[in-house]
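Numbering (our numbering), first residue to last: 926 to 1319.
All C-beta atoms, glycine included, are put in the ideal place defined by N, C-alpha and C.
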Ligand SMILES: Cc1ncc(COP(=O)(O)O)c(C=O)c1O
């Protein structure tokens, strides 16, 4: 079979070396029967060491891990879960799966992650959990959120799907809440095609999540084989995919360095252009720059969809900054306020003008320069610029 060459600069994508090919080869040749969990166990142990968490549960996706985290925390009908209005829909979908109510909260202007002040405003007697999201590799400012959550008895789920390898005050992403989750889908920093991981120190959460991840079976014993204690899910992951993720995870530092390098190229190429805000790098956190994103000042007059169309003709795959969840038809049943724009002003102001720049791990400097040249040329089309946002320097 002839494989067509890729003509477009991709939005995201993996960096595959012989190490990945070797391990997947090993898994396909020998990761069966008694060795069916060989690479899964090795990856689980590696993530356990990395996060220093007592329990790690591999799952078929990051979405499944969030679902299991909510179930493990006994969240269900009548409960409210606060979630940032700007995130991928998968952060919130499991709230619906368990029959709880998502409550959409504003984001911080610089980090684009959950705003502590908005979080506090949305708390009611029914609030049982908050899902914080490290958006595009930016780290959430967890300290103020944690102190509010502790005071009000609210559990924290950290959606670290986009931030594996990031740090907050020296603590790894995924370990900042009561339960953390990672994703290994094909666009992430550490990829497996699909896959996820739940991490926690809470034995009860882990045991319940583990049981529900495999059709409600407690464990394989002679007495309990195929014995379901309750109705669960098939959220198990494959050893084959775990082998790919393991090889990638062993290269975590190298992959992080590549993301940082690409961000540096973008920053240098866009430096001095007013009104472009790139990913934040606060003093107390390490950004992974999983996706380099840019908020283009509205004064330029270019909305994200217009830029995407324009860039498509240049063979560049731009992606839109996430839409506010509360603005999409899927989430309408949960929108309480008639004026979400007023309730979550930052989310609604930033989203129309946010773009995700091509950030595949293997992107070259020439490609970054080409993307930035296209952006500069495009923005010059409308010269009446009134800059309000300064370029963020990491
Ligand atoms: C912020 C966020 N949360 C959750 C998920 C869900 O992960 P997965 O695609 O592995 O289900 C993703 C990945 O797409 C994500 O980006």
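Opposing strand residues paired with residue i [DSSP bridges]
| i | result |
| --- | --- |
| residue 1295 | Beta-bridge pairing links residue 1295 to no other residue. |
| residue 1030 | 1009 |
| residue 1122 | 983, 1107 |
| residue 1139 | 1159 |
| residue 1281 | 1218, 1244 |
| residue 1153 | 1142 |
| residue 1096 | 1093 |
| residue 1201 | 1221 |
| residue 1054 | 1006, 1080 |
| residue 934 | 1241 |
| residue 1211 | 1092 |
| residue 1249 | 1011 |
| residue 1171 | Per DSSP, none; premise fails for residue 1171. |
| residue 1039 | 1032 |
Residue i Cβ short of 7 angstroms to ligand 1 heavy atom set
| i | result |
| --- | --- |
| residue 1036 | no |
| residue 1117 | no |
| residue 1110 | yes |
| residue 1271 | no |
| residue 1068 | no |
| residue 944 | no |
| residue 1102 | no |
| residue 1013 | yes |
| residue 1170 | no |
| residue 1062 | no |
| residue 1121 | yes |
| residue 986 | yes |
| residue 1087 | yes |
| residue 1010 | no |
| residue 1033 | no |
| residue 1006 | no |
| residue 1016 | yes |
| residue 1298 | no |
| residue 1023 | no |
| residue 966 | no |
8 angstroms Cβ cutoff met for residue i and residue j
| i | j | result |
| --- | --- | --- |
| residue 1011 | residue 1272 | yes |
| residue 1028 | residue 1005 | yes |
| residue 1236 | residue 1170 | no |
| residue 1054 | residue 1080 | yes |
| residue 970 | residue 1174 | no |
| residue 1128 | residue 1157 | no |
| residue 1245 | residue 1253 | no |
| residue 1121 | residue 1166 | no |
| residue 1207 | residue 1036 | yes |
| residue 1187 | residue 1161 | no |
| residue 996 | residue 1143 | no |
| residue 944 | residue 1176 | yes |
| residue 1146 | residue 980 | no |
Whole-number beta carbon distance between residue j and residue i, since they are thought to touch under 8 angstroms
| i | j | result |
| --- | --- | --- |
| residue 1048 | residue 1077 | 6 angstroms |
| residue 1197 | residue 1224 | So it is not a contact: roughly 16 angstroms between Cβ atoms. |
| residue 1013 | residue 1247 | 6 angstroms |
| residue 1269 | residue 1031 | 4 angstroms |
| residue 1211 | residue 1091 | 6 angstroms |
| residue 1297 | residue 1214 | The pair is not a contact, with the Cβ atoms about 15 angstroms apart (cut-off 8 angstroms). |
| residue 1104 | residue 998 | 7 angstroms |
| residue 1007 | residue 1044 | 6 angstroms |
| residue 1250 | residue 1280 | Contact flag wrong, Cβ pair sits at about 19 angstroms. |
| residue 1321 | residue 1229 | Residue 1321 lies beyond the stretch modelled for the chain, which goes from 926 to 1319, so this question has no answer here. |
| residue 1058 | residue 1097 | 16 angstroms between Cβ atoms; not a contact. |
| residue 1219 | residue 1202 | 7 angstroms |
| residue 938 | residue 1286 | 7 angstroms |
| residue 1064 | residue 1088 | 7 angstroms |
Reference residue i; option with closest CA among the options
| i | options | result |
| --- | --- | --- |
| residue 1164 | 1189, 1277, 948 | 948 |
| residue 1183 | 1284, 1059, 1131, 1121 | 1284 |
| residue 964 | 1226, 977, 950, 979 | 950 |
| residue 935 | 1185, 1001, 1217 | 1217 |
| residue 1003 | 991, 1020, 1015 | 1020 |
| residue 1123 | 1144, 1250, 1101 | 1101 |
| residue 941 | 1015, 1115, 1278 | 1115 |
| residue 1085 | 1067, 1074, 1060 | 1060 |
| residue 1113 | 1257, 933, 987 | 987 |
| residue 991 | 1219, 961, 1131 | 1131 |
| residue 1094 | 1168, 1068, 1142 | 1068 |
| residue 975 | 959, 1107, 1051, 1305 | 1107 |
| residue 1025 | 939, 968, 1259, 1034 | 1259 |
| residue 1300 | 993, 1062, 1144, 1241 | 1241 |
| residue 1238 | 1303, 1152, 1063, 993 | 1303 |
| residue 1275 | 1267, 1263, 1222, 1050 | 1222 |
| residue 1153 | 1146, 1141, 1145 | 1141 |
| residue 1227 | 952, 1305, 994 | 1305 |
| residue 1017 | 1282, 1293, 1289, 1257 | 1257 |
Contact with chain C by residue i, beta-carbon distance below 8 angstroms
| i | result |
| --- | --- |
| residue 969 | Of the protein chains in this structure there is only one, and it is not chain C. |
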